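Residue numbers (UniProt numbering): 1 to 136.
Each residue gets a CB set at the ideal place from its N, CA and C atoms; glycine is no exception.
This structure is a prediction, so every number in the text was calculated from the model and none was measured.
Read through the structure below, which is laid out as structure tokens, and then see the notes.
Structural data, given as structure tokens:
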């Protein structure tokens with residue numbers, strides 16, 4: 001594959017994808033690239049595959065957040081088992097309901113998958129120590 005070394009005379013080795021794209025966009029009508037071709041073996045060394053990769057930095061600047069809320073919960077009884085499910089809404093529409101332990105598992109898996117991203121602290125199982133009557 002090919003590798004971009006310079007954009008309009010500016011060295012981009014080690015730059016993030018976003019930084020390179022921004023430099024290309026800022027060039028206006030002029031674009032000069034310094035590009036090298038590398039063998040597949042060299043490309044593999046430069047960009048390890050998912051099985052051998054250890055991510056040192058991922059650029060999250062172009063990611064957007066989703067308007068998700070968990071405003072309420074329900075008590076569920078199944079086969080003499082009682083538990084609480086929290087209702088997930090996005091943009092005011094109910095998407096699904098999940099148990100707290102599923103949020104814990106999701107949080108753990110996300111932290112493993114994206115180790116350099118700063119996730120907010122997962123709220124406790126009961127963020128408010130209020131009774132049902134007080135919550136109403």
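Assuming residue 100 and residue 69 make a contact with CB atoms under 8 Å, what is their CB distance in whole Å?
Taking the chain shown and counting its residues from 1, the one referred to as residue 100 is at position 100. Taking the chain shown and counting its residues from 1, the one referred to as residue 69 is at position 69. Not really, about 16 Å apart at Cβ, beyond 8 Å.
Hey, is the stretch 23-35 in contact with the stretch 66-82, meaning 3+ C-beta pairs nearer than 8 Å?
Counting Cβ pairs under 8 Å, fewer than three are found: no touch.
Residue 7, DSSP secondary structure in three states
Translated into the one-based positions of the chain shown, residue 7 becomes position 7. Strand, per DSSP.
Straight-line gap, residue 15 to residue 87 (C-alpha atoms, nearest Å)
For this step, residue 15 is matched to residue 15 along the chain shown. For this step, residue 87 is matched to residue 87 along the chain shown. Taking C-alpha positions only, residue 15 is separated from residue 87 by approximately 41 Å.
Kindly provide the ranges of any alpha helix (DSSP H) runs that are 4 or more residues long and lie completely inside the stretch 78-125, ordered along the chain.
Listed in chain order, the complete alpha helix (DSSP H) runs (minimum 4 residues) inside the stretch 78-125 are 100-113.
If we ignore side chains and look at the alpha-carbon of each, how far apart do residue 102 and residue 3 end up?
Counted from its first residue, the chain shown places residue 102 at position 102. Counted from its first residue, the chain shown places residue 3 at position 3. Spanning the alpha carbons of residue 102 and residue 3 requires a straight line of approximately 42 Å.
Where residue 6 and residue 36 are concerned, what is the direct C-alpha to C-alpha distance, given to the nearest angstrom?
As a working mapping, residue 6 is identified with position 6 in the chain shown. As a working mapping, residue 36 is identified with position 36 in the chain shown. Take the alpha-carbon of residue 6 and the one of residue 36: they are about 10 Å apart.
So, for residue 97: in the same chain, excluding its five sequence neighbours on each side, which residues have a beta-carbon less than 6 Å away from its beta-carbon?
Here residue 97 refers to the residue found at position 97 when the chain shown is read from its first residue. Result list for residue 97: 85 and 87, in chain order.
Buried versus exposed, by CB contacts within 10 Å (16 or more), residue 38
One-based indexing of the chain shown puts residue 38 at position 38. Label assigned to residue 38: exposed.
Restricting to Cα atoms, I'd like to know which of 124, 91, 19 and 81 is closest to residue 65.
Taking the chain shown and counting its residues from 1, one reaches residue 65 at position 65. Looking at the Cα atoms, 91 is the closest of the given residues.
By DSSP, does residue 12 sit in helix, in strand, or in coil?
Your numbering for residue 12 matches position 12 in the chain shown. Reduced to three states, the DSSP call for residue 12 is coil.
Chain-order list of residues whose beta-carbon lies under 6 Å from that of residue 8 (same chain, five-residue window excluded):
Along the chain shown, read from residue 1 onward, the residue named residue 8 stands at position 8. Cβ within range, chain order: 27 and 32.
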